[in-house]
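K.L.:
Quick note on our numbering: the sequence shown kicks off at 53 and runs consecutively.
Think of the CB as a built atom: it goes at the ideal place given N, C-alpha and C, for glycine as much as any other residue.
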Amino acid sequence: MSAARPTVLIPGGINARVRERVEAEFEAISIAAADATLLDPEARARIDGIACSTAITADFIDAFPNLSVIASFGVGYDAVDAKHAASRGVMVTNTPDVLSDEVADTAIGLLLNTLREFPKAEAYLRAGRWAAEGAYPLTPLTMRGRTAGIFGLGRIGLAIARRLEAFGLPIEYHTRTKRNDVDYPWHDSLAGLASAVDTLIVVVPGGAATEKAVNADILDALGPQGVLISIGRGSTIDETALIEALASRRIAAAGLDVFANEPNVPQALLDLPNACLLPHVASASVSTRNAMADLVVDNLAAWLDGRPALTPVPECAGLDRKPG
Ligand code: DGY
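#1: Short of 8 angstroms in beta carbon distance, which residues of its chain neighbour ARG96, apart from the five on each side in sequence? Order them along the chain.
#2: Could you pull the start and end residues of the beta strand (DSSP E) that MET143 belongs to?
#3: Can you name, in chain order, every residue of its own chain whose Cβ lies under 7 angstroms from the Cβ of MET53, other than the five neighbours on each side?
#4: For LEU252, does the three-state DSSP call read helix, strand or coil?
#5: Would the stretch 264–278 and the stretch 245–254 be scored as touching if the rule is three or more Cβ pairs under 8 angstroms?
#6: Helix or strand or just coil, what does DSSP make of PRO276?
#7: Note down the Cα distance separating ALA293 from ASP272, rounded to an integer number of angstroms.
#8: Going by alpha carbons, who is nearest to ILE113 out of ALA84, VAL144, GLY128?
#9: What does the alpha-carbon distance come out to for the pair ALA211 and TYR225?
#10: Could you compute how far the alpha carbon of SER152 sits from the alpha carbon of GLY206?
#11: Taking just the CA atoms, how far does ILE223 sit from ILE281?
#12: Go ahead and pull the three-state DSSP assignment for GLY307.
#13: Assuming GLY64 and ALA85 form a contact by the criterion Cβ under 8 angstroms, report the distance between their Cβ atoms to the nearest whole angstrom.
#14: So, with DSSP's three-state summary, where would you put ASN316?
#15: From the DSSP output, in three-state form, read off ILE81 for me.
#16: Quick one, are the C-beta atoms of ASN342 and ARG69 less than 8 angstroms apart?
#17: Please classify ASP269 as buried or exposed, where buried requires at least 16 other C-beta atoms within 10 Å of its C-beta.
#18: Which ranges does the alpha helix (DSSP H) cover as unbroken runs of at least 4 residues, wholly within the stretch 199–256, from first to last along the chain?
#19: I need the straight-line Cα distance from GLU263 to PRO318, nearest angstrom please.
#20: Let me confirm a value: LEU364 is counted as buried when at least 16 other C-beta atoms fall within 10 Å, else exposed. Which label applies?
#21: Is the stretch 308–315 close to the stretch 330–345, with three or more CB pairs under 8 angstroms?
#22: Work out the CA separation of ALA265 and THR229 for me, nearest whole Å.
#23: Could you check what DSSP says for THR292 in three-state terms: helix, strand or coil?
#24: Is VAL60 helix, strand or coil by DSSP?
#25: Say yes only if the C-beta of GLY128 is nearer than 7 angstroms to one or more non-hydrogen atoms of the ligand DGY, and no if none qualify.
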């Protein structure tokens with residue numbers, strides 16, 4: 053008789069390819085949400101791994117005595133209590149690298165749409181207004197002559213910087229620690245970066261360290277020609293301050309792919325003509341999401357087979373697989 057296959061829990065919704073592969077390669081258990089009371093103690097004891105695209109709390113982790121790995125779908129894993137998992141010897145993995153170029157492409161598209169109003173210009177054409185009223189108005193904003201500031205020069209930030217270089221923009225950045233592998237001017241504070249540039253691109257991960265980092269002071273430092281692009285996590289922006297800054301034109305415009313309370317977007321933001329809004333689609337192409345899905349399942353397969361995880365999050369790097 054062959055050895056029993058590991059059991060993997062899917063709490064809540066997940067990418068279809070993750071579900072298909074988990075069901076094909078493991079004993080799969082799905083529950084509607086990350087709520088351990090949806091399983092009886094016997095089922096909880098069988099769980100070896102979790103594949104998730106939802107918040108995983110310390111209490112949820114503690115509900116599974118034999119849990120060994122949590123494979124999170126997405127590069128951002130702020131919703132998973134990785135520190136607690138690591139303290140319990142539970143591996144956490146995410147899906148870096150495979151989405152960097154796609155997200156960077158989206159950042160450039162969002163920036164151009166915000167500056168040059170292409171979605172509005174297309175809506176104008178489709179509404180018959182070109183023929184009826186004449187040319188779409190000239191856009192007050194342009195990419196030409198701008199200086200980009202990147203808040204968070206990790207893998208995605210760097211991919212955005214390389215693209216903006218090709219557009220002819222000077223790049224500056226703020227990270228906690230200066231990188232020694234790039235020549236872009238570094239600022240030791242976000243306020244310093246915002247004062248030096250007119251186009252601020254926010255790519256930092258979510259979590260307590262970046263919560264509402266972009267506040268009224270930062271937006272004022274960016275100034276009336278300033279444009280904010282947010283592509284990391286909605287939690288990094290003080291949305292109330294942003295709405296006020298956009299409404300009073302203390303900054304010129306903003307392009308947002310992420311929001312504080314997704315999928316709910318404040319009506320005040322929807323009402324602003326100088327906000328360009330996307331429904332968290334930065335990595336959302338079939339091929340990139342498939343690559344992310346494969347990485348989720350390949351991480352589970354490796355770890356549950358006794359091999360190292362492919363992409364452990366930093367909190368869990370160096371964690372050894374528990375025997376058993
Ligand atoms: C990520 O990978 O973190 C993206 O935001 C998609 O969830």
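P.N.:
Inspection of the coordinates gives the following:
#1: ALA88, ALA115, PHE116, PRO117
#2: 143–145
#3: Its pLDDT being 44, under 50, MET53 is placed unreliably by the model, and nothing is read from it.
#4: Here DSSP, grouped into helix, strand and coil, assigns LEU252 to strand.
#5: yes
#6: coil
#7: 10 angstroms
#8: Nearest option by C-alpha distance: VAL144.
#9: 13 angstroms
#10: Roughly 10 angstroms separates the two Cα atoms.
#11: Rounded to the nearest angstrom, the two C-alpha atoms are 14 angstroms apart.
#12: Reduced to three states, the DSSP call for GLY307 is strand.
#13: 5 angstroms between Cβ atoms; contact.
#14: Per DSSP, reduced to three states, the secondary structure at ASN316 is strand.
#15: strand
#16: yes
#17: exposed
#18: 207–218, 242–248
#19: 18 angstroms
#20: Correcting the residue type first, residue 364 is Pro in the shown sequence and not Leu. So PRO364 counts as buried.
#21: When C-beta atoms of the stretch 308–315 are compared with those of the stretch 330–345, three or more pairs fall below 8 angstroms, so the two segments count as touching.
#22: 16 angstroms
#23: helix
#24: strand
#25: yes
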